[in-house]
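Colleague: Attaching a single structure in structure tokens format; questions to follow.
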Amino acid sequence: MLKEENELLSRVGPGTPMGQFMRQFWVPAMPSAGLERDAAPERVRLLGQDLIAFRASDGRVGMLDEGCPHRGVSLALAHNKDCALTCIFHGWKIDVSGKVVDVPAEPPERRAAFMARIKVNHYPTHEAAGILWVWLGGGEPAPFPRYNWTDLPESHIRFNVGKIKSNWLNGLEGQLDSAHVGILHQDWANKDKAKFGQSNIDNATVDLAPRFEFEEQPYGFREAAVRNMPDGTHYVRVREFVMPWYSYIPQGGGREGMQLLTISVPVDDETSVQWDVRYNLVRPLTDSNWPNMTRITDMTPILGGIENRYGQDRAKIDGGKWSGFAVLRHEDYAVAMAQGAIADRAKEFLASSDLPIVRARRALMNAAKQHAAGEKKSPEFDPAIEWGLVRGFAEIIPKDSDWRQLPRG
Numbered sequence: 001m002l003k004e005e006n007e008l009l010s011r012v013g014p015g016t017p018m019g020q021f022m023r024q025f026w027v028p029a030m031p032s033a034g035l036e037r038d039a040a041p042e043r044v045r046l047l048g049q050d051l052i053a054f055r056a057s058d059g060r061v062g063m064l065d066e067g068c069p070h071r072g073v074s075l076a077l078a079h080n081k082d083c084a085l086t087c088i089f090h091g092w093k094i095d096v097s098g099k100v101v102d103v104p105a106e107p108p109e110r111r112a113a114f115m116a117r118i119k120v121n122h123y124p125t126h127e128a129a130g131i132l133w134v135w136l137g138g139g140e141p142a143p144f145p146r147y148n149w150t151d152l153p154e155s156h157i158r159f160n161v162g163k164i165k166s167n168w169l170n171g172l173e174g175q176l177d178s179a180h181v182g183i184l185h186q187d188w189a190n191k192d193k194a195k196f197g198q199s200n201i202d203n204a205t206v207d208l209a210p211r212f213e214f215e216e217q218p219y220g221f222r223e224a225a226v227r228n229m230p231d232g233t234h235y236v237r238v239r240e241f242v243m244p245w246y247s248y249i250p251q252g253g254g255r256e257g258m259q260l261l262t263i264s265v266p267v268d269d270e271t272s273v274q275w276d277v278r279y280n281l282v283r284p285l286t287d288s289n290w291p292n293m294t295r296i297t298d299m300t301p302i303l304g305g306i307e308n309r310y311g312q313d314r315a316k317i318d319g320g321k322w323s324g325f326a327v328l329r330h331e332d333y334a335v336a337m338a339q340g341a342i343a344d345r346a347k348e349f350l351a352s353s354d355l356p357i358v359r360a361r362r363a364l365m366n367a368a369k370q371h372a373a374g375e376k377k378s379p380e381f382d383p384a385i386e387w388g389l390v391r392g393f394a395e396i397i398p399k400d401s402d403w404r405q406l407p408r409g
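Numbering of the sequence shown is given in this note's numbering, commencing with residue 1 and proceeding in unit increments.
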């Protein structure tokens, strides 16, 4: 990969090609439960922008630039009441829609005309699945995509979040990489079989060199990692990559089984938030190992750094374990961070196991360039896409069967 291509993929701030493309999607900002009525505002940093989120007295959510439009004081210090934030510096009051409604330090006779001239950047929000989403793209937002999990009852969904010192692409690529499953996560494979069913990641250890097949989609692609089983069948892990940051992780058990997707959301160029969303389409979740977390703002990046090997326990390795990490997702976080905050992809020596990564990079680069040229909109604007059909799954199928013919949705 050329250095300029890596820069295009990795840089997400305002005005960058990838950053502008990402702003044409609804961005997961924080768990909704982290905002309480009339409580302290929450600082949120997304795509290199510093924002402030608050829940008003009537339950509505406001999302504004963090700095007060007067002289830039952080609105994290503001009062939150009467459906507005009031800056503690000069008392400027900004309502939940982003309108300045009071400037008490100005003469009364000129307040109305003065307030009418003040521009406050206000960002539309949407709440679904216990997550607060924000539209940073300006203009009329895209219709919110109705995935098969976004309208489920809260009891059917659990999510965990981890903030890591790693570019968003490092995190995403790890979640598009089926070849690592039987190696990096081998300590968990046999446990997973007992917990979630036969067609799960334990089968990935049987054949460590999957063959990849793809089906292009207007939002990204479907990818099947096909492994040979000892009895002549095929174990297929079918993932959906939905641009720019969703990976629907293959799970066993069909529609009645546990579903999983990951979301790699850029905080800035060198930090990202990794969401794990588990859900069940037909019944409530009771797994206490996947509790809802209520806040991610201001969370210290986890695991430390390379100086402490991101918390790796070498005694576990000496005792026969593979990775030395006590939590499966910490394995993913560690290898994402260990590539460097922004991986130097010009030095890579890619292999056939990296085909999904190469395809995703190409899709993202092309989409960002086309958007910058005014040739393409976000797929979230496409009314023909049936978002409810998007899901990952894992199955054992006869050798002569085609995974593309298996039911979706």
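For each residue, glycine too, the CB sits at the ideal point set by N, CA and C. Nothing here was measured: the structure is a model prediction, and the numbers come from that model.
Can you tell me where the beta strand (DSSP E) holding F393 begins and where it ends?
Modeller: Within the sequence shown, the letter at position 393 stands for residue 393. Counting along the chain, the beta strand (DSSP E) containing F393 begins and ends at F393 to I397.
Colleague: Measure the alpha-carbon distance for L350 versus V390 and round it to whole angstroms.
Modeller: One-based indexing of the sequence shown puts residue 350 at position 350. One-based indexing of the sequence shown puts residue 390 at position 390. Computed Cα separation, rounded: 28 Å.
Colleague: Give the straight-line distance between the Cα atoms of N308 and G182, rounded to the nearest whole angstrom.
Modeller: Position 308 of the sequence shown, counted from the start, is the residue given in the question as residue 308. Position 182 of the sequence shown, counted from the start, is the residue given in the question as residue 182. Rounded to the nearest angstrom, the two C-alpha atoms are 25 Å apart.
Colleague: Quickly, what does DSSP pair H126 with across the bridge? List them, please.
Modeller: Counting from one through the sequence shown, the residue named residue 126 turns up at place 126. W133.
Colleague: Could you give the distance in angstroms between the alpha-carbon of T86 and the alpha-carbon of E66?
Modeller: Numbered from 1 along the sequence shown, position 86 holds the residue referred to as residue 86. Numbered from 1 along the sequence shown, position 66 holds the residue referred to as residue 66. Spanning the two alpha carbons is a distance of roughly 13 Å.
Colleague: Report the option in D400, V61, L152 and I131 whose CA atom is closest to the CA atom of V282.
Modeller: Your numbering for residue 282 matches position 282 in the sequence shown. Measuring from the Cα of V282, the nearest candidate turns out to be L152.
Colleague: Nearest CA to the CA of N160: which residue from V277, F89 and D50?
Modeller: On the sequence shown, position 160 is the one that residue 160 refers to. N160 has its Cα closest to that of V277, out of V277, F89 and D50.
Colleague: Are the Cβ atoms of A105 and H122 separated by less than 9 Å?
Modeller: Locating residue 105 in the sequence shown gives position 105, counting from the first residue. Locating residue 122 in the sequence shown gives position 122, counting from the first residue. No.
Colleague: Quick check on S323: does DSSP put it in helix, strand or coil?
Modeller: Translated into the one-based positions of the sequence shown, residue 323 becomes position 323. Coil, per DSSP.
Colleague: Counting pairs of beta carbons, one from the stretch 259-274 and one from the stretch 168-178, are three or more of them closer than 8 Å?
Modeller: At 8 Å Cβ cutoff, the stretches touch.
Colleague: Mind checking whether L64 and I94 have CB atoms under 9 Å apart?
Modeller: Locating residue 64 in the sequence shown gives position 64, where the first residue counts as 1. Locating residue 94 in the sequence shown gives position 94, where the first residue counts as 1. Yes. Within cutoff.
Colleague: Give the straight-line distance between the Cα atoms of K377 and H371, rounded to the nearest whole angstrom.
Modeller: The count along the sequence shown starts at 1 and reaches residue 377 at position 377. The count along the sequence shown starts at 1 and reaches residue 371 at position 371. So the two alpha carbons sit approximately 6 Å from each other.
Colleague: Mapping the DSSP letters down to three states, classify N167 as helix, strand or coil.
Modeller: As a working mapping, residue 167 is identified with position 167 in the sequence shown. Coil, per DSSP.
Colleague: In its own chain, which residues sit with a C-beta less than 7 Å from the C-beta of G444, not counting the 5 before and 5 after it?
Modeller: This structure cannot settle anything about residue 444, because the visible part of the chain is limited to 1 through 409.
Colleague: Got a sec? Which residues, its chain only, sit under 6 Å from D427 by beta carbon, not counting five neighbours each side?
Modeller: Summary: the structure shown does not reach residue 427, with the chain confined to residues 1 through 409, and so no result is reported for it.
Colleague: Output the distance between the C-alpha atoms of G130 and W92, rounded to the nearest integer angstrom.
Modeller: Counting from one through the sequence shown, the residue named residue 130 turns up at place 130. Counting from one through the sequence shown, the residue named residue 92 turns up at place 92. If you take the alpha carbons of G130 and W92, they lie about 31 Å apart.
Colleague: Have a look at A315, T262 and R237 and flag the residue whose alpha-carbon is nearest the alpha-carbon of Q251.
Modeller: Taking the first residue of the sequence shown as position 1, residue 251 is located at position 251. Q251 has its Cα closest to that of R237, out of A315, T262 and R237.
Colleague: Quick one, are the C-beta atoms of P413 and D382 less than 9 Å apart?
Modeller: Only positions 1 to 409 of the chain appear in this structure, which leaves residue 413 out of reach.
Colleague: Does the separation of the CB atoms of W387 and Q186 fall below 9 Å?
Modeller: The count along the sequence shown starts at 1 and reaches residue 387 at position 387. The count along the sequence shown starts at 1 and reaches residue 186 at position 186. Taking 9 Å as the Cβ cut-off, W387 and Q186 do not qualify as a contacting pair.
Colleague: With DSSP as the reference, identify every bridge partner of G220, one or two as the case may be.
Modeller: Position 220 of the sequence shown holds residue 220. DSSP, once it has assigned bridges, lists Q217 and V242 as partnering G220.
Colleague: Per the contact definition of three or more C-beta pairs closer than 8 Å, is the stretch 70-80 in contact with the stretch 33-44?
Modeller: Judged by Cβ distances under 8 Å, the stretch 33-44 makes contact with the stretch 70-80, as three or more pairs qualify.
Colleague: As an exercise, report each continuous beta strand (DSSP E) stretch of at least 3 residues that is fully enclosed by the stretch 258-285, in chain order.
Modeller: Runs of the beta strand (DSSP E) inside the stretch 258-285: 259-268 and 271-279.
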